[in-house]
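For the sequence shown, position 435 matches number 443 in the numbering used here, and the numbering has no gaps at all.
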Amino acid sequence: MTVAVFVTVALTFLLFNMYNIDNSKKYLIQESTDNIEELKQAESEEDIIQRLVYENSKESYYKFVVLGSDKSIILGGEQRVENDNGEIEIVEGETIDMSKISKRQFDKAARKGEAFFIANPYKSGPTLNYFVKVENPNFTDGYVFYMCSVDAIYNGRPYFIVLIISVGIWAGVILAAYIALTFNVKIATAPFEKIERMLVDVNNGEYTQSQIPQTLNFPEFKAVLTKIDDLAVETSKNFINLQYEQKKSQILLQSVNQGIIVVSKSGRVVLTNAVALEIFGKTNDNVVGVDLGYIVNNEELLSTLTQALEENKYYVGEVQIGDEIYRVETNFNTIEEKDVITGEVMLIKFTNVTVEVNTAKIRSEFFANASHELKTPLTAISGYAELMTMDGVSKSQLDKCVKEINSNALRMRSLIDDMLKLSKLDADLDNEEVSKFDLSQVCQEAVEELQGVADSKQVEITLQGECEFIGRKKMIQTLVSNLVNNAIKYNKQGGHVWVSVEDKENSVTLKVRDDGIGIHKDQQSRIFERFYKVDTSRTFINESSTGLGLAIVKRIALIHGGKISLNSVPDEGTEFKVVFPKRLIEC
9 MTVAVFVTVA LTFLLFNMYN IDNSKKYLIQ ESTDNIEELK QAESEEDIIQ
59 RLVYENSKES YYKFVVLGSD KSIILGGEQR VENDNGEIEI VEGETIDMSK
109 ISKRQFDKAA RKGEAFFIAN PYKSGPTLNY FVKVENPNFT DGYVFYMCSV
159 DAIYNGRPYF IVLIISVGIW AGVILAAYIA LTFNVKIATA PFEKIERMLV
209 DVNNGEYTQS QIPQTLNFPE FKAVLTKIDD LAVETSKNFI NLQYEQKKSQ
259 ILLQSVNQGI IVVSKSGRVV LTNAVALEIF GKTNDNVVGV DLGYIVNNEE
309 LLSTLTQALE ENKYYVGEVQ IGDEIYRVET NFNTIEEKDV ITGEVMLIKF
359 TNVTVEVNTA KIRSEFFANA SHELKTPLTA ISGYAELMTM DGVSKSQLDK
409 CVKEINSNAL RMRSLIDDML KLSKLDADLD NEEVSKFDLS QVCQEAVEEL
459 QGVADSKQVE ITLQGECEFI GRKKMIQTLV SNLVNNAIKY NKQGGHVWVS
509 VEDKENSVTL KVRDDGIGIH KDQQSRIFER FYKVDTSRTF INESSTGLGL
559 AIVKRIALIH GGKISLNSVP DEGTEFKVVF PKRLIEC
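Now the structure itself:
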């Protein structure tokens with residue numbers, strides 16, 4: 009409303025001012041006609057004064073001044089004001105100030121012959137001025153200037169009276185309109201508010217079909233509201249179905265154990281899942297619309313994917329990201345709407361193949377090592393068999409050949425048995441069930457089984473501790489037997505072996521310690537590798553090993569959720585410690 013009043017006042021002022029200025033111009037022209045004629049006939053400045061003396065003495069708001077070509081005052085220029093009695097009088101000492109009239113205004117009158125302008129040459133305030141160049145050869149430069157003025161309308165009392173009346177009228181009209189609108193706005197906008205609520209509910213997926221209230225039963229809006237109501241119901245159903253499909257797709261996408269990233273042809277991310285973000289160490293933020301480089305922080309991989317995107321080329325390869333190995337594969341799909349292709353995207357799939365790659369590597373190493381280990385006894389058997397077929401072989405030589413063939417055959421059998429045992433453990437082909445048994449009793453049985461080997465080397469075995477254990481008994485028997493056998497095998501003549509079990513609150517600990525030859529520190533990190541053997545120069549000449557015993561021990565420990573460690577000092581001895589969690593191991 010304030011703006012409306014302001015605009016109204018401005019328009020009133022403009023129109024009223026234009027009207028009065030036009031009337032004032034006509035008035036000045038009319039009043040100046042006779043004076044200009046007198047000036048054209050004047051022969052001197054004194055003649056001008058005589059001719060216009062009456063004009064100069066009139067009691068009127070009308071002011072005039074005659075100027076020479078040098079802008080000096082010849083006649084007039086007095087200030088005329090209304091006194092308290094309503095009479096017009098000349099104010100002594102107050103004359104026109106010609107410096108208030110700009111050179112541009114003088115030049116305009118001199119060039120065109122006349123000009124109208126508003127200025128402040130009198131102290132009474134702004135005046136509308138009619139400036140005329142009067143041609144007369146009797147004066148210097150052949151002309152004089154005549155300027156008559158009246159006070160500008162907005163400098164007088166009538167102007168303000170009219171302005172106040174106008175503002176009052178317009179303010180009254182606006183106030184009346186405002187009051188009328190205030191009483192009718194709710195009724196007039198009620199249908200639109202109803203439509204707004206419908207659209208908000210549709211946008212939120214919460215709209216349900218409703219009856220149109222009687223208060224809104226306008227003939228002009230009833231058909232529109234009914235149609236919107238029907239469309240809103242249909243749209244709401246479609247919206248709910250779309251949300252359901254999106255949710256279902258999101259659940260399926262997040263449940264996939266592969267990383268998925270979908271990018272547009274411009275390289276912007278369109279879709280991704282949590283697995284892909286986790287691969288590159290990103291949080292599960294909203295990354296839709298970001299550049300692919302924000303997620304893929306591997307420069308070499310990013311360059312390859314960018315090239316595949318630019319060339320629209322299928323790519324598949326393996327890349328290591330951190331400690332994991334992933335197979336990266338790209339595919340291209342088109343986006344269609346109503347059988348019209350609207351775009352193309354590239355789908356990037358990340359599959360973790362770390363286990364497969366490592367398994368293949370282990371398998372390859374296993375077969376290479378197995379081939380090497382089997383080749384040695386086979387070569388020996390073949391050599392001794394060939395020797396036996398030669399002529400002139402003595403009985404003692406034949407006996408030695410038979411002994412060596414038997415020895416190498418036993419070695420091969422032991423190696424094959426260990427290989428099969430380890431393969432079964434890797435493939436979990438042992439169907440033995442978990443049971444509860446006495447671990448100290450298993451250790452006692454292993455000691456008794458190996459007592460003969462220990463006696464041959466005069467090795468003393470000590471067993472300590474008692475506890476029960478839950479696990480696969482045959483596997484634990486193999487584990488204990490291998491550890492005790494190694495402690496005897498790599499011990500010195502007359503050495504000692506200590507076997508102990510300890511039952512703690514949350515774990516069971518098995519320790520096998522000896523005071524034998526020990527293991528060098530540079531060999532300790534590889535001692536559990538398959539087919540790895542310690543330096544043969546430090547073993548006794550009559551000892552043999554398949555290199556699989558400790559690998560089998562470690563695998564059995566892992567199957568039972570345990571951890572194995574060793575502490576060894578060369579020429580002082582070695583201690584193996586296996587810590588099992590005290591829980592039912594389902595393996």
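In this text, a Cβ means the ideal position worked out from N, Cα and C, and glycines have one as well.
| Query | Result |
| --- | --- |
| Enclosing alpha helix (DSSP H) for Tyr302 [first to last residue] | Leu300 to Ile303 |
| CB-CB length for Ser272 against Val264, believed under 8 angstroms | Not confirmed; about 21 angstroms, so no contact. |
| DSSP state of Met155 mapped onto helix, strand, coil | strand |
| Distance CB(Val361)-CB(Arg335) smaller than 7 angstroms | yes |
| For Gly84, three-class secondary structure by DSSP | strand |
| Short Cβ contact (7 angstroms threshold) for Val142 with Ile57 | no |
| Residues of its chain near Val401, where Cβ-Cβ distance is below 7 angstroms and the 5 sequence neighbours each way are ignored | Leu395 |
| The segment 411-425 touching the segment 437-454, judged by at least three CB pairs closer than 8 angstroms | no |
| Limits of the unbroken alpha helix (DSSP H) element including Asp115 | Lys111 to Lys120 |
| Rounded distance between the beta-carbons of Val520 and Val507, thought under 8 angstroms | 5 angstroms |
| Inter-residue CB distance, Gly526 and Val577 (contact presumed, cutoff 8 angstroms) | 5 angstroms |
| Among Phe588, Gly150, Asp523 and Thr190, nearest to Asn575 - alpha-carbon criterion | Asp523 |
| Alpha carbon of Ala118 to alpha carbon of Ala127, nearest angstrom | 17 angstroms |
| Cutoff 6 angstroms; reference Asn339; Cβ partners in own chain excluding five residues on either side | Leu355 |
| Inter-residue Cα distance where the pair is Lys465 and Val492 | 14 angstroms |
| Cβ-Cβ distance between Met155 and Val73 below 7 angstroms | yes |
| Per DSSP, cross-strand counterpart(s) of Ala127 | Thr135 |
| Backbone CA spacing between Asp238 and Lys256 [nearest angstrom] | 27 angstroms |
| Distance CB(Asn414)-CB(Ile389) smaller than 7 angstroms | no |
| Cβ pair Val488, Ile469 closer than 7 angstroms | no |
| Selection from Asn494, Arg538 and His568 that minimises the alpha carbon distance to Ile478 | His568 |
| Glu594, DSSP secondary structure in three states | Confidence is the limiting factor: at Glu594 the pLDDT is only 43, short of 50, which leaves the residue's position unreliable, though a coordinate-based value still follows. The answer is coil: DSSP assigns Glu594 none of H, G, I, E or B. |
| Buried or exposed (CB count within 10 angstroms, at least 16 for buried), Gly581 | buried |
| Per DSSP, cross-strand counterpart(s) of Val324 | Glu337 |
| Buried versus exposed, by CB contacts within 10 Å (16 or more), Thr486 | buried |
| Beta-carbon proximity list for Ile81, same chain, < 8 angstroms, skipping 5 on both sides | Val73, Val74, Leu75, Thr103, Ile104 and Met106 |
| Span of the beta strand (DSSP E) around Arg563 | Unbroken run through Arg563 is the alpha helix (DSSP H), Gly557 to Ile567; no beta strand (DSSP E). |
| Contact check, Leu136 vs Ser32, beta carbons under 7 angstroms | yes |
| Buried/exposed call for Asp579, threshold 16 Cβ in 10 Å | exposed |
| Buried or exposed by the 16-neighbour rule on C-beta atoms within 10 Å, applied to Thr544 | Note that Thr544 scores 49 on pLDDT, short of 50, meaning its location in the model is unreliable and no value can be drawn from it. |
| Integer-rounded CB distance, given that Ile269 should sit under 8 angstroms from Ile329 | With a Cβ gap of about 13 angstroms, Ile329 and Ile269 do not count as contacting. |
| Neighbourhood of Asp78 by C-beta, 6 angstroms cutoff - its chain only, sequence neighbours within 5 removed | none |
| 7 angstroms CB neighbourhood of Asn501 in its chain, flanking five on each side removed | Checking the sequence, you will find Gln at residue 501 rather than Asn. The residues are Lys465 and Gln466. |
| 7 angstroms Cβ shell around Ser515 - same chain, five flanking residues per side excluded | Val587, Phe588, Pro589 and Lys590 |
| Euclidean distance between Cα positions of Glu54 and Ala179 | 57 angstroms |
| C-beta atoms of Lys7 and Glu337 nearer than 7 angstroms | A question about residue 7 goes unanswered here, because the residues of the chain that appear run from 9 up to 595. |
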